[in-house]
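Please read the structure below before turning to the comments.
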Ligand SMILES: Cc1cc2nc3c(=O)[nH]c(=O)nc-3n(C[C@H](O)[C@H](O)[C@H](O)COP(=O)(O)OP(=O)(O)OC[C@H]3O[C@@H](n4cnc5c(N)ncnc54)[C@H](O)[C@@H]3O)c2cc1C
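In our numbering, the protein residues as written are 5 to 824.
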């Protein structure tokens with residue numbers, strides 16, 4: 005047997021499908037010097053017992069892209085490696101038992117179509133013809149994907165491992181990684197106990213944690229946050245059923261079940277609404293056993309019973325078939341049902357591909373490919389924010405939080421994915437100092453990055469809760485009233501969840517000038533809207549930067565991207581002298597927005613809020629009530645307004661003073677849904693949707709933030725190059741002509757009859773009188789007149805609606821209201 009090398013270019017921890025895929029793709033990209041260490045045997049964690057469904061229908065564009073890559077790869081893998089993978093494109097059918105589910109399936113089908121995934125909307129009768137065992141009572145509609153597949157999961161992993169070995173990678177089983185060594189914030193190697201029981205060390209500067217449900221503890225030992233937790237996951241297999249035939253995979257999400265036929269037997273798997281977390285540590289529980297290998301967990305018939313009852317009705321063959329296997333095995337789940345990829349913000353060279361939420365077989369092919377590119381090129385091959393490890397918040401590694409949350413997220417995979425749907429478990433961890441004030445005034449909260457945020461305000465006597473739907477939800481009229489108050493009067497928003505980063509030191513200006521697209525050497529008190537660009541001109545962040553003094557700046561970023569933004573800053577600091585501090589919890593952000601906001605400010609404070617005394621884009625300290633605040637004159641809703649940065653201890657007082665000042669001005673408390681509907685009318689971009697690291701700043705229409713005068717900053721060359729070459733596409737604003745349909749995002753944008761891409765974000769323009777969305781229009785060599793000369797439609801759940809296009813904001817195109 006080969007000896008474990010003392011040095012490697014990369015060490016992968018874990019030999020499940022994830023680790024094997026990362027090894028395969030790194031090797032394929034020329035990393036021949038790769039070592040994979042597995043504590044027991046390949047696939048012996050979760051991979052060996054997966055059901056093997058390879059589905060391509062996903063909720064978003066890039067997840068569909070990755071799932072399609074996996075399916076395409078697995079079809080070719082047997083021929084390439086000689087390992088029989090059992091991959092068969094048997095197709096799949098998903099059936100809807102409610103109108104709402106039908107709409108969701110049709111919307112997902114639209115996303116699939118954008119990426120050339122073959123998908124057909126089919127009637128219940130056609131579903132029955134394709135799946136004779138199916139009882140179609142209550143079936144409203146269905147979609148079929150002929151190229152979806154099923155496979156033997158262990159052999160997929162084995163084939164990937166073989167493919168990696170064929171290209172030089174080395175794999176060692178019964179070799180447990182005991183620690184990752186580090187120096188100066190970077191990985192230097194891994195310590196392990198080998199198959200012979202002897203300790204060893206491999207020097208490397210790239211480690212990939214593919215440790216599945218062991219991944220959290222493994223990461224924590226290195227100071228890295230990887231929030232995941234195992235749950236018990238169940239399926240049942242019948243004895244052989246006579247005349248079963250060859251069947252596609254069947255999903256009945258409304259009954260929390262999927263069905264797969266294999267070798268004459270039928271399998272039913274469960275995504276029950278309340279799952280059973282497993283493998284707990286602490287409070288006397290001992291976690292995953294050291295000798296865990298190809299283990300199964302005890303049966304739980306009571307838990308599975310509701311699924312089986314549905315199965316006996318939906319597929320009557322279950323009434324008579326004998327039971328061959330009741331399977332229960334652990335799988336890792338994450339707080340938002342999305343896996344983690346990328347480099348840990350806490351430790352350079354520590355990469356992650358873990359937390360697969362029961363789609364690890366279908367997901368790992370694409371994820372391994374994407375991660376291999378990311379490691380090799382230092383940048384994600386395309387926007388992977390949805391699965392980026394930098395979305396994890398440090399507090400999320402708390403095990404009580406995780407245990408409670410994953411009891412919900414397993415079931416959410418098959419729940420209705422209504423827009424604006426909020427989780428119900430593990431809530432309330434991060435709260436604004438005025439949380440209880442807002443709650444008492446009707447706030448209905450949503451959660452982002454652990455923050456409770458008022459999304460909308462219920463009227464007196466109205467239930468303070470969501471009623472979800474794909475149509476207008478119960479808060480639509482509340483949003484309209486809030487929206488109109490912002491446009492015509494004055495609205496209040498609590499934006500305390502903003503991430504706030506202080507950058508201070510003698511080189512703060514020089515450092516920020518290097519990472520920002522806009523000029524940072526501005527007068528104290530100036531607020532600058534800027535981008536952080538990557539070398540491709542892609543947008544790593546959009547933010548405002550306020551110069552607080554000669555040597556101190558405040559950076560304000562979305563709450564959800566704070567860790568990513570901190571990581572970007574820290575990794576680019578180099579030798580500049582500046583201290584980067586997360587100040588998020590120190591200050592609240594209370595915003596007053598709307599044409600009457602100046603009147604309100606003048607009642608709140610003796611300061612002068614005229615354009616001369618306090619112009620747009622400046623910040624200064626003011627007295628507010630009996631406290632102090634820093635008033636920033638900026639807006640994300642496209643109106644006159646101020647954001648007040650208030651010390652956390654004075655927040656409740658200043659809020660009460662704002663309420664008193666606004667009482668006879670009709671001050672309206674507004675939620676985040678209204679913030680979004682207002683910003684989209686003004687065509688302000690939303691990072692993560694309209695603008696990402698994949699989107700060039702000029703294509704996004706944000707070239708005005710990219711200085712042509714500054715001699716050097718990251719992304720400058722890409723800006724100049726794009727200017728020379730011309731734009732391949734432009735971000736365009738659309739409004740549906742019909743005021744009825746709604747846009748959320750990921751609907752298909754259709755130009756002169758052809759699908760050209762997804763709607764990147766959408767909301768309802770209550771002031772404009774219809775749904776508004778943004779989306780990129782390919783336009784190489786075309787003029788603005790050519791772009792606007794086309795006929796546009798937007799496909800919503802299979803139906804196309806006429807859309808009006810605009811290259812300038814439909815609301816306040818000259819920013820006269822903002823600067824009023
Ligand atoms: C019942 C069930 C049905 C499923 N059905 C499907 C399906 O139909 N389709 C689908 O796509 N997915 C399915 N899944 C999910 C899929 O099985 C998982 O997402 C996938 O196997 C996860 O792979 P992994 O490599 O991340 O984890 P694992 O397979 O658990 O691999 C992690 C490996 O890391 C090793 N390891 C841990 N710590 C160390 C250490 N310190 N040193 C060295 N090695 C270490 C472990 O021994 C383990 O082998 C199902 C899961 C279950 C439980």
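Glycine included, C-beta positions come from ideal geometry on N, C-alpha and C.
Residues near residue i by beta carbon distance below 8 Å, same chain, minus five either side
i	result
residue 45	19, 177, 178, 297, 298
residue 712	723, 724
residue 520	532, 534, 535, 536, 549, 717
residue 589	652
Exposure of residue i, with buried meaning 16 or more beta-carbon neighbours within 10 Å
i	result
residue 724	exposed
residue 309	exposed
residue 754	buried
residue 80	exposed
residue 339	buried
residue 517	buried
residue 583	exposed
residue 655	buried
residue 257	buried
residue 147	buried
residue 471	exposed
Contacts around residue i, its chain only, beta-carbon distance under 6 Å, and the 5 residues preceding and following it disregarded
i	result
residue 376	29, 30, 33
residue 447	458, 461
residue 319	137
residue 405	430
residue 346	392, 393
residue 621	531
Cβ pair residue i, residue j closer than 8 Å
i	j	result
residue 800	residue 735	no
residue 135	residue 251	yes
residue 493	residue 598	yes
residue 692	residue 389	yes
residue 321	residue 240	no
residue 122	residue 151	yes
residue 210	residue 369	no
residue 216	residue 50	yes
residue 489	residue 682	no
residue 714	residue 523	yes
Rounded straight-line distance, which links the Cα of residue j to that of residue i
i	j	result
residue 335	residue 465	44 Å
residue 118	residue 411	33 Å
residue 765	residue 233	31 Å
residue 56	residue 292	24 Å
residue 165	residue 101	41 Å
residue 228	residue 350	6 Å
residue 579	residue 69	39 Å
residue 708	residue 506	25 Å
residue 328	residue 243	5 Å
residue 452	residue 568	15 Å
residue 269	residue 154	14 Å
residue 290	residue 282	11 Å
residue 89	residue 24	14 Å
residue 413	residue 341	6 Å
residue 744	residue 770	12 Å
Cβ shell of residue i (< 7 Å), same chain only, five flanking positions each side left out
i	result
residue 639	597, 645, 822
residue 797	754, 804, 805, 806, 807
Coarse secondary structure for residue i, derived from DSSP in three states
i	result
residue 517	helix
residue 405	helix
residue 386	coil
residue 241	strand
residue 156	coil
residue 357	strand
residue 764	strand
residue 203	strand
residue 674	coil
residue 73	helix
residue 774	strand
residue 351	coil
residue 460	strand
residue 235	strand
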